[in-house]
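Participant:
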Amino acid sequence: LQIFVGWLSDGLGNYATKSKCSWLIDPKNRPFAKCHNGHYCFTLPLRFFFHEFTSECGWDYLYIYDGDSAHSPLLATLNGIIYSPDQSGGYRPEIIATSGKAFLHFYSDVAYTMSGFNMSYSVNRCTYDCFNHGVCNDSQCICDNGWHGTSCQTQTCPNNCSGFLSKLFGQWQINSTGQSNVYIAICPPTQHFGFWSVSNFNPISISPRASYAAALIGNLLWVYGGMEFGSSRNQDLLVFNISSQIWKPVSNAGSNLYPQSRYGHTMIAHNNSLYIFGGKLTQNENSVDHLWEFNILTSSWTKINYSTDFSQVTNGTSGLELSGHSANLVHFNNDTEIMVVMFGYHPLISYSPFVYEYNFITKTWIRPQTSSAGLIQLYGHTTVQDESTNVIYIHGGAKNVGNSLEISSSTYSYNPQTRCFTQLKNSKQPRFLHSAGLVNGVMYIYGGNTHNDTNESGALCYSPSFMAYSIACNSWSHLNSTPDSINPSRYGHFGIVVKSISQSISDNIFIFSGYDGMMINDVLIYQPGNCIAVQDKNRCLGKLRYKLHRHEGNNHHLSLNVKCIPNLANAKPSNVFFASNLIQGNPCDQTELSCYWNTTHCIARINNSSTCLGDNLVQTPNCSRAVKCADFKNCIQCITDPECMWSKTCIEYNSNETSEPCETSCADLKSCSNCLKDSSCMWCQSQYKCINTNSYVVQYPYGQCLEWTNKNQCPVYKCSDLKTCGECQDNPNCGWCDDGSYTGLGVCMDGGGSGPLLFNNSTAQYEVSSEMCPSGWFFTSCPLCQCNGHSSCDSNNLCINCTANTIGDQCQNCKPGFYGDPRNGNNCTKCSCGTKAVSCNSQTGACNCETKGETGRSCEVCDTSNGYTGNAAGNGTCFYTLLINYQFTFNLKMDADDTHVTKINFKNTPNMEEDVQVTFVSTQMCDLHFAVSSVTTKNLPESILYVENTTDYSFTFSGDRLKIGDPGQNTTVRVYVSGFKTPTLIKISLLQRSNRLLKILLILFSSFLVVLLLAAVTWKLKMMYDVRQLQANRAVEMAEMAARPFAAI
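Take any residue in the sequence shown, count from 1 to its spot, add 48: that is its number in the numbering used here.
(1) Could you tell me the distance, in whole angstroms, from the CA atom of G489 to the CA atom of I442?
(2) Answer yes or no: does any C-beta atom of chain C fall closer than 8 Å to that of E100?
(3) Which residues does DSSP list as the beta-bridge partners of T854?
(4) Please report the distance separating the alpha-carbon of S840 from that of Y867.
(5) In three-state DSSP terms, what is N914?
(6) Considering only the alpha carbon of each residue, which of E962, Y934, G904 and K900 lies closest to M942?
(7) Please report the residue range of the beta strand (DSSP E) in which G783 lies.
(8) Taking 8 Å as the threshold, find out whether the segment 687 to 702 comes into contact with the segment 403 to 414 through three or more Cβ pairs.
(9) If I measure Cβ to Cβ from G21 and keep anything under 6 Å in the same chain, skipping five residues before and after, which residues do I get?
(10) Drop a sphere of 10 angstroms on the beta-carbon of S247, count the other beta-carbons inside from all chains shown, and report buried for 16 or more, exposed for fewer.
(11) Put I934 into one of helix, strand or coil per three-state DSSP.
(12) Over the uninterrupted alpha helix (DSSP H) stretch that includes L1010, give me the two end residues.
(13) Please state whether DSSP places D1014 in a helix, a strand or coil.
(14) For the beta strand (DSSP E) containing N953, list its first residue and its last residue.
(15) Compute the minimum distance between the beta carbon of E333 and the heavy atoms of the ligand NAP, and state whether it is under 7 Å.
(16) Would you identify the three-state DSSP class for G164, choosing helix, strand or coil?
(17) Tell me whether the segment 771 to 786 and the segment 420 to 428 touch, counting them as touching only if at least three CB pairs, one residue from each stretch, are closer than 8 Å.
(18) If you measure between the beta carbons of H373 and M387, is that distance less than 8 Å?
(19) Could you work out which residue in S292, A301, T330 and I294 is closest to S309 when comparing CA atoms only?
(20) Could you pull the DSSP bridge partners for V1025 from this structure?
(21) To which residues of the same chain is S355 closer than 6 Å at the C-beta, ignoring the five residues directly before and after it?
(22) Does E711 pass the burial test, meaning 16 or more other C-beta atoms within 10 Å, or should it be called exposed?
(23) Considering only the alpha carbon of each residue, which of G774, N853, S890 and G882 lies closest to C833?
(24) Which partner residues of Y492 appear in the DSSP bridge assignment?
(25) Less than 8 Å between the C-beta atoms of S743 and Y510, yes or no?
(26) Helix, strand or coil, according to DSSP, for V816 in the structure here?
(27) Hey, S187 and L56 are a contact pair by Cβ (cut 8 Å); roughly how many whole angstroms apart?
(28) At the level of alpha carbons, what is the spacing between I73 and A150?
(29) Taking only three categories from DSSP, how would you classify R871?
(30) Applying the criterion that 16 or more other CB atoms from any shown protein chain within 10 Å of the CB defines a buried residue, is F680 buried or exposed?
(31) Can you list, in chain order, the residues of its chain with a C-beta nearer than 7 Å to that of L847? Leave out the 5 residues immediately preceding and following it.
(32) In its own chain, which residues sit with a C-beta less than 6 Å from the C-beta of L1033, not counting the 5 before and 5 after it?
(33) How close, in whole Å, do the beta carbons of D963 and T1004 come, if the pair is a contact with beta carbons under 8 Å?
(34) Using 8 Å as the threshold, is the C-beta distance between D1000 and V969 below it?
(35) Which value, in whole angstroms, describes the spacing of the CA atoms of A263 and T198?
(36) Would you grab the beta carbon distance between C895 and C907 for me? Rounded to a whole angstrom, and I think it's under 8 Å.
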């Protein structure tokens, strides 16, 4: 975009998943602003105004750079619901690119989409149009009387300095050094109300930041490190004079020894020294266990070599490599002082459940055994310490539940003396990366990331939520008071309490900078109200109903030593709680905590409700329960405790058992391919790191990961590895250098709109290097002729005739039978598959095996996992072994496994000496080849029959002729199927029927017939014998009769 005024958007409706879009705004003939001498001396800035911005919080980002490339200073990484047209009022971010040009890149992931953004831009325009309270002159607001601020956003003294004042009102002046703005109050606020004030610091000399660390020594607020946007880091350590409100960078005392830039670390003040511990290095996003000491008297750094009483995690990794943890200085009665470090995120342990103690004298870390109602694991939580009891109060933070991230609203107390955690009242407002400050027994919680899901539920990425927790009554209150900042919503800030020198003025809470998609350049100051400041009885009684009384004596646990009681006449001023008429809710849990007139003074008191006396009071904690092995969430957490061991779950140590080795954690997987083999891991392409999926938001809370993947895909990301102009410009860091041959040849390299960029190690910045690409630089468009060096173009910029065995509109692919990546002038290589395949994978050269069951680069291996056996090497092949008297169905689809399959082979070695009948059915025309192999054929196939172009065929192998079932022959029947195309469905069966029963029946029947015949013959002979015997007997009888004498009558 080259015009002075314009607009851009992600498009109509919701943006698409996995989308990447880039814009370069570089107005031509940009106007220049006049300097004091009347000459034009600098380019007018480019200003962006958002009409809408809604994206998935923590995942979908719009990156805006002050310059013409992604290597320019980063201005913003916008995400979440920043502004929606449906909102009434609200914060509309305006962004200034001082270079007069800007590069924008939008990335969305694969999960959730929203309506996106709609924005406009212009040159020579003031931010927010000076809120109509001033005149814009050369992009700078000249405010009307009664208004001040960079955009004339603040009224100097509203309502003539009367009524309730929510901020310091006055006038702005430039101090003598010219380093920052100083605000001079001319109408001080009424001090019995809590109020906010806002101080803007000079963003030119001091860089705003987030996830920094701060500590207070006297009236000097020390700030170290943090995540910054913009150019290279050179101001890690800053000091803020609270009295003069002047920022000053702190340099080393002539030494080259100093810590690397980091964020997510902690810092505490001890004996005129600052101790910086842990964090993540901004250069490479690595977590570290470094402990540095800065002596404020000598302005010198010392890296402390400490010892530990616990073992390393794995592979020499320290358990102290933490970020997002907390640290507190604890002073015991025996004058012993220790630093207590809690929780945080560890690259191997994940969300750390451990507490560590550092002894300044012995320079030793220990990990004590703590007691609690369960395992506590938090990142980005806050801790405040009650100096009267040493009890530490913990609130909020991010934690993992299963394989997902969950934001906590829990509150705990921790007694360093007893090392016991106690769970307190839940705020019911989840948040992390917020701030906390303890004033007069009240813990004030401000801002943070409150987004706990991926829909428009009202939970914001950047919250202005302000809450107060009463230690005395264990109750939470919502405070409606918010700072009069252009955008009070933020996270990654830090709150520190500055002690008041007057009893009538409460301690102040200072909040510096933070993140709301941009790094915020202001300081928020909250001063809680003080009842003692009220001198009028009627005004006091108008607000007072209750007061606080703290029991004397036992200080074992703070929450046990306070009660909410009725009006108590002898309450001491030191027991003042807080006074604010901005608290709403029920009588104790969410009530107006205000003042009570005690004869001569106005003092604070709290509600005496039964709720406060009952449910809200904390009972004596059970400190006997230590964290048990079963509480640990993963293997590495488990084995870091010497009393535990891993056996699928974490169990108590048993010397008779062996602990199972832990699986490789995501952080130890150094390549994309290895990372994505684990379903619990994801790969950040821009950072070249493997991280756990439940830690993405806490690992990169400021959009440091420009692109990620968790599928089985590892796209190339490095500029020099990208082969085409299109792929090159798809990466926001890269541009294309054409070689001038007009064939599409070129080189992808780091660059921007002005040309290729080269990193200068001395300045730690990218610089334009035109000599790297003398022929032709392309950043927002590509050369018209894109033939990858394998052809020239015609008059229509179409490739004429692809050479070197390439095909495609841009000669970008290899012809069938060749493989390789011919893009950008590379060659194609002929496939080496022999008779096993006619083609191969066009990228890898792996043969596209034509026979089902053959696999390997050259189809030399049988797929035994799916039942295919044989010897596929050389001219061999693979067979699927069929079972006799079963039908098998093979569904060959047009997928990655079967697309190229045109053959499939079957075999069986029958055990019976019978015929084998083959029945074959196919949905495609096939060629069949029936063969046998045996000892006689030396196990080589002997052809029996060829059948062409059939879909249904039956054939019988003769058992007698082929000696099927003969143990000495080991005859195997084979069926070769070929000539088909996928998709096809094949059904095949082998049937072998036995004749033994028939033979037995025939033998039995024959025997029966023989017996029957013998019986008939025997009966016939017997009949003949009986007849002859009868005849013989008859003849004898006749002879006897004839021999009788005849008598006469």
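Cβ coordinates follow ideal geometry from the N, Cα and C atoms, glycine included. What you are looking at is a predicted structure, and each value in this text was computed from that prediction instead of being measured.
Facilitator: For this structure:
(1) The alpha-carbon atoms of G489 and I442 are separated by roughly 14 Å.
(2) No chain C is part of this structure, which consists of one protein chain only.
(3) DSSP lists C862 as partners of T854.
(4) About 22 Å.
(5) Reduced to three states, the DSSP call for N914 is helix.
(6) Among E962, Y934, G904 and K900, the Cα nearest to that of M942 belongs to K900.
(7) In this chain, the beta strand (DSSP E) harbouring G783 covers C782 to D786.
(8) The count of Cβ pairs closer than 8 Å, one atom from the segment 687 to 702 and one from the segment 403 to 414, stays below three, leaving the stretches out of contact.
(9) This structure cannot speak to residue 21, because the chain is shown only from 49 to 1097.
(10) Counting of Cβ neighbours within 10 angstroms places S247 among the buried residues, the total reaching 16 or more.
(11) The sequence shown places Tyr at residue 934, rather than the Ile named in the question. In the structure shown, the three-state DSSP call for Y934 is coil.
(12) Secondary structure note for L1010: its alpha helix (DSSP H) is the uninterrupted segment G1007 to L1010.
(13) Reduced to three states, the DSSP call for D1014 is coil.
(14) Segment K951 to N956, the beta strand (DSSP E) holding N953.
(15) The ligand NAP is absent from the structure shown, which contains no ligand whatsoever.
(16) Looking at G164 - three-state DSSP - the assignment turns out to be strand.
(17) Remark: fewer than three beta-carbon pairs, one from each stretch, lie closer than 8 Å, so the segment 771 to 786 and the segment 420 to 428 are not flagged as touching.
(18) In this structure, M387 does not lie closer than 8 Å to H373 by Cβ.
(19) Selected option, being the one with the closest Cα: T330.
(20) DSSP, once it has assigned bridges, lists I952 and L976 as partnering V1025.
(21) Result list for S355: T412, in chain order.
(22) Exposure of E711 is indicated by the presence of fewer than 16 other C-beta atoms within 10 angstroms of its C-beta.
(23) Proximity to C833 across G774, N853, S890 and G882 peaks at G774, based on C-alpha coordinates.
(24) For Y492, which the question treats as bridged, DSSP gives the partners G485 and A516.
(25) No. Outside cutoff.
(26) Residue state for V816 is assigned as strand, using DSSP reduced to three classes.
(27) Rounded to whole angstroms, the Cβ separation of S187 and L56 is 21 Å, and the two are not in contact under 8 Å.
(28) Inter-residue distance for I73 and A150 is about 5 Å (C-alpha atoms, whole angstroms).
(29) Three-state DSSP puts R871 in a helix.
(30) So F680 ends up on the buried side.
(31) Looking at the sequence itself, residue 847 is Cys, so the reference to Leu does not match. Excluding residues within five positions, the ones whose Cβ falls inside 7 Å are C835, S839, C841, D857, Q858 and C859.
(32) Cβ neighbours of L1033 beyond the five flanking positions: N939 and T971.
(33) Rounded, the Cβ-Cβ distance is 5 Å, consistent with contact.
(34) D1000 is a Cβ neighbour of V969, given a cutoff of 8 Å.
(35) Inter-residue distance for A263 and T198 is about 28 Å (C-alpha atoms, whole angstroms).
(36) That belief holds up - the Cβ atoms of C895 and C907 are roughly 5 Å apart, short of 8 Å.
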